[in-house]
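*Asks:*
There are 2 protein chains.
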Amino acid sequence: MPVSPLFRPIDVAPAYQKVADAIEREIVNGRIKPGDPIGTEHDLVRQFGVNRSTIREGIRVLEEGGLISRDSSRRLHACLPRYSKLTSRLSRALVLHEVTFRELYEASMTLEVASIEGAVEQASEENLAELTDNLARSEAVVGDPAMLAECDAEFHVLVAKASQNRVLQLAREPAAQLFYPTTEMIVTGVAEGGPRLVAAHRHLIDAIRRRDREAGVLWTRRHLQDWRRGFEKIASLDRSVEHMYMEHAQAARRR
Amino acid sequence: MPVSPLFRPIDVAPAYQKVADAIEREIVNGRIKPGDPIGTEHDLVRQFGVNRSTIREGIRVLEEGGLISRDSSRRLHACLPRYSKLTSRLSRALVLHEVTFRELYEASMTLEVASIEGAVEQASEENLAELTDNLARSEAVVGDPAMLAECDAEFHVLVAKASQNRVLQLAREPAAQLFYPTTEMIVTGVAEGGPRLVAAHRHLIDAIRRRDREAGVLWTRRHLQDWRRGFEKIASLDRSVEHMYMEHAQAARRR
DNA sequence: TGCTGTCCCTTTGTCCGACAAAGTTAAAGC
DNA sequence: GCTTTAACTTTGTCGGACAAAGGGACAGCA
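Chain order of the listed sequences is A and B. Residue numbering for the first sequence follows the working numbering, beginning at 1 and increasing consecutively. Residue numbering for the second sequence follows the working numbering, beginning at 256 and increasing consecutively.
Set out below in structure tokens:
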């Protein structure tokens with residue numbers, strides 16, 4: 001017979017976790033604002049009454065979560081978590097879960113179409129300027145697969161940004177990060193890949209400028225289908241995302 | 256005049272970071288498989304030749320990233336990062352960036368429609384059984400807003416799972432986690448809210464079973480529009496997601 | 001005035017050694 | 001065979017220590 005629940009389980013979190021939680025609460029509640037200094041480790045030792053090693057373990061937890069960071073002089077301050085840092089964790093998780101390129105492709109089809117729809121509706125002049133600048137840089141490096149792939153990744157980040165929807169921006173990011181290395185491979189392996197990619201970007205910018213939703217969606221689909229056709233010349237869509245992707249993710253995270 | 260970039264910045268990562276990176280590499284490369292033991296802190300001290308405090312800081316980093324965890328006996332082992340743990344970080348970031356409910360609503364409209372489309376196409380008998388079970392539990396707690404909101408959140412997780420697309424599952428999660436508290440508020444404040452919610456779920460399951468894509472999309476839209484109408488009785492869609500949401504996110508993370 | 005070098009203080013990253021609490025293993029006892 | 005007891009191991013925490021690097025103030029020099 002199970003005993004009746006007379007007592008609740010006691011919260012026995014280790015001290016470093018409690019330190020992290022306490023600081024996190026202050027930041028999330030807004031009592032510590034992004035940019036505010038957290039104080040030195042010694043300060044925290046005094047405030048929490050625990051050893052510096054314990055404080056440092058707590059700091060690592062928060063740092064990894066993107067809630068605090070150290071400036072050039074290594075002083076601690078609260079900060080607004082950067083999406084790209086957090087989403088690289090998710091990309092890594094997708095790799096470890098061995099998702100297939102088909103899943104990536106189908107999810108991205110949805111996410112990128114939604115991005116362009118938002119961009120067509122909401123893009124500002126500044127967004128258009130950024131996109132145009134990106135296009136110019138892409139044209140300049142159309143012969144360099146690595147650089148072009150980087151420009152492509154940035155282009156789609158800018159489209160998502162132009163949608164003015166940060167939830168969407170964040171949702172597409174983990175999948176998008178996994179695209180980058182294949183884009184490089186495809187542009188390397190398929191002769192007409194680079195020019196087609198740049199042409200698609202040009203049409204997309206044009207669609208955004210003319211607020212032409214149909215054209216935006218059409219060219220986004222074509223752009224992705226191009227990727228797919230190029231990819232299928234190299235491998236099967238049902239292959240799982242390979243481990244090599246992590247090198248890129250790691251490099252991106254450290255930036 | 257700027258100096259020409261003769262030298263690249265030297266990589267001077269602190270030791271704990273190098274420890275974390277080294278272990279991460281082994282896991283991501285697959286040399287350490289999920290479930291494999293990492294060894295004791297003392298083992299790592301010997302292998303890396305650094306102090307235990309340094310090892311422990313590195314471990315915190317990996318633990319926070321979901322790459323390793325401690326079992327019941329606190330021994331370290333590699334593990335498959337759980338989406339929900341990672342996405343709660345993102346939800347927190349969305350809160351701190353003060354995204355609006357409008358962004359949440361519009362992004363979710365896309366993500367949930369994509370989920371149901373995938374589910375209609377791909378759902379297995381097992382997925383349907385889980386959904387049906389969820390529906391039964393929802394009907395049983397239709398009078399309890401907190402429990403019903405929890406069931407609703409789980410329902411949509413199950414729909415996304417039925418799509419068999421893990422990228423999509425992951426992409427919708429950060430936004431979905433922010434819905435939960437408002438659903439509770441709406442069901443509390445709007446008398447017909449609970450029954451309408453359950454009815455929508457019933458129609459969605461039916462659409463999946465009949466592989467009726469149109470009906471699935473239709474009822475997903477209605478379901479979300481219901482949420483929106485309910486929400487607008489309480490507050491404006493352009494209000495930013497409030498800090499109170501973090502309590503839920505924190506509770507979910509610890510589970 | 002503007003730049004450089006120096007001295008001092010603070011802060012961080014790392015190390016060492018220590019210990020209680022909790023878990024593990026294995027032997028001893030029934 | 002099952003329980004109890006007694007080592008042994010591992011983790012979480014502590015205190016103190018020190019070198020390296022950064023910041024600030026101040027003097028010297030062009």
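Yeah, the Cβ is synthetic: ideal placement off N, Cα and C, and Gly gets one too.
Quick one: which unbroken alpha helix (DSSP H) runs of 4-plus residues sit fully inside the stretch 273 to 359 of chain B? Chain order, please.
*Replies:* List check, alpha helix (DSSP H) in window: 296 to 303, 307 to 319, 338 to 351.
*Asks:* Please confirm whether B/L345 has its beta-carbon closer than 8 Å to some beta-carbon of chain A.
*Replies:* Within the second sequence, the letter at position 90 stands for residue 345 of chain B. It does; some Cβ of chain A falls within 8 Å.
*Asks:* Anything in chain B within Cβ reach of A/R56, meaning under 7 Å, just list it in chain order.
*Replies:* By 1-based counting over the first sequence, the position of residue 56 of chain A is 56. Within chain B, the residues near A/R56 are E312.
*Asks:* Which whole-angstrom value describes the C-beta separation of B/A455 and B/R427, a residue pair presumed to lie in contact below a C-beta threshold of 8 Å?
*Replies:* Here residue 455 of chain B refers to the residue found at position 200 of the second sequence. Here residue 427 of chain B refers to the residue found at position 172 of the second sequence. So it is not a contact: roughly 17 Å between Cβ atoms.
*Asks:* Would you say B/K416 reaches chain A, if we count a Cβ-Cβ gap shorter than 8 Å as a contact?
*Replies:* By one-based count along the second sequence, residue 416 of chain B stands at place 161. No - not a single Cβ of chain A is within 8 Å of the one on B/K416.
*Asks:* Drop a sphere of 10 angstroms on the beta-carbon of B/S327, count the other beta-carbons inside from all chains shown, and report buried for 16 or more, exposed for fewer.
*Replies:* As a working note, residue 327 of chain B is residue 72 in the second sequence. When all chains shown are included, B/S327 counts as exposed.
*Asks:* Flag this pair as touching only if the stretch 406 to 417 of chain B and the stretch 81 to 93 of chain A have three or more C-beta atom pairs under 8 Å; answer yes or no.
*Replies:* Touching, no.
*Asks:* Does any residue of chain A bring its CB to less than 8 Å from the CB of B/H352?
*Replies:* Translated into positions along the second sequence, residue 352 of chain B becomes position 97. By this cut-off, B/H352 is an interface position.
*Asks:* The ligand GTP heavy atoms versus the CB of A/V190: any closer than 7 Å?
*Replies:* The ligand GTP is absent from the structure shown, which contains no ligand whatsoever.
*Asks:* At the level of alpha carbons, what is the spacing between B/T342 and A/F101?
*Replies:* Translated into positions along the second sequence, residue 342 of chain B becomes position 87. Translated into positions along the first sequence, residue 101 of chain A becomes position 101. B/T342 and A/F101: Cα-Cα distance of roughly 21 Å.
*Asks:* Looking at the structure shown, is B/S370 part of a helix, part of a strand, or coil, going by DSSP?
*Replies:* By one-based count along the second sequence, residue 370 of chain B stands at place 115. In the structure shown, B/S370 sits in a helix (DSSP, three-state: H, G or I).
*Asks:* Given that a residue counts as buried once 16 or more other Cβ atoms are within 10 Å of its Cβ, and exposed if not, what is A/R89?
*Replies:* The count along the first sequence starts at 1 and reaches residue 89 of chain A at position 89. Buried, because 16 or more other Cβ atoms sit within 10 Å of the Cβ of A/R89.
*Asks:* Is the separation between the beta-carbon of A/S115 and that of A/L178 shorter than 8 Å?
*Replies:* Numbered from 1 along the first sequence, position 115 holds the residue referred to as residue 115 of chain A. Numbered from 1 along the first sequence, position 178 holds the residue referred to as residue 178 of chain A. No; because the gap between Cβ atoms is not below 8 Å, this pair is not in contact.
*Asks:* Less than 8 Å separating the beta-carbons of A/R60 and B/V316?
*Replies:* To locate residue 60 of chain A, count along the first sequence from 1; it is residue 60. To locate residue 316 of chain B, count along the second sequence from 1; it is residue 61. Yes, the Cβ-Cβ distance between A/R60 and B/V316 is below 8 Å.
*Asks:* Cα separation between A/L104 and B/E372?
*Replies:* Here residue 104 of chain A corresponds to residue number 104 of the first sequence, with the count starting at 1. Here residue 372 of chain B corresponds to residue number 117 of the second sequence, with the count starting at 1. In a straight line, the C-alpha of A/L104 is about 16 Å away from that of B/E372.
*Asks:* State yes or no: is the C-beta of A/I186 within less than 8 Å of the C-beta of A/L135?
*Replies:* Start at 1 with the first residue of the first sequence, and residue 186 of chain A comes out as number 186. Start at 1 with the first residue of the first sequence, and residue 135 of chain A comes out as number 135. No. Outside cutoff.
*Asks:* What residues from the stretch 352 to 376 of chain B come within 7 Å of chain A, judged by C-beta to C-beta, listed N to C?
*Replies:* The residues in question are H352, V354, E358, L359, E361, A362, T365, L366, A369.
*Asks:* Is there a Cβ of chain A sitting closer than 8 Å to that of B/S308, yes or no?
*Replies:* Taking the first residue of the second sequence as 1, we reach residue 308 of chain B at position 53. True, the Cβ-Cβ gap to chain A drops below 8 Å.
*Asks:* Just tell me which of A/G49, A/E242, A/E121, A/E24 has its CA closest to the CA of A/H77.
*Replies:* Translated into positions along the first sequence, residue 77 of chain A becomes position 77. Among A/G49, A/E242, A/E121, A/E24, the Cα nearest to that of A/H77 belongs to A/E24.
*Asks:* Does the CB of A/G35 have a neighbour CB from chain B at under 8 Å?
*Replies:* Within the first sequence, numbered from 1, the residue matching residue 35 of chain A stands at position 35. No - not a single Cβ of chain B is within 8 Å of the one on A/G35.
*Asks:* Kindly list the residues whose CB is nearer than 7 Å to the CB of B/A404, restricted to its own chain and excluding five residues on each side of it in sequence; keep chain order.
*Replies:* The residue you call residue 404 of chain B lines up with position 149 of the second sequence. So the list reads Y435, T438, E439, V442, once near-sequence residues are dropped.
*Asks:* Assuming the contact rule is C-beta atoms closer than 8 Å, A/I119 and A/A162 should be a hit. Round their C-beta distance to whole Å, please.
*Replies:* By one-based count along the first sequence, residue 119 of chain A stands at place 119. By one-based count along the first sequence, residue 162 of chain A stands at place 162. In the sequence as displayed, the identity of residue 119 of chain A is Ala instead of Ile. Yes, A/A119 and A/A162 are in contact; Cβ-Cβ is about 4 Å, under 8 Å.
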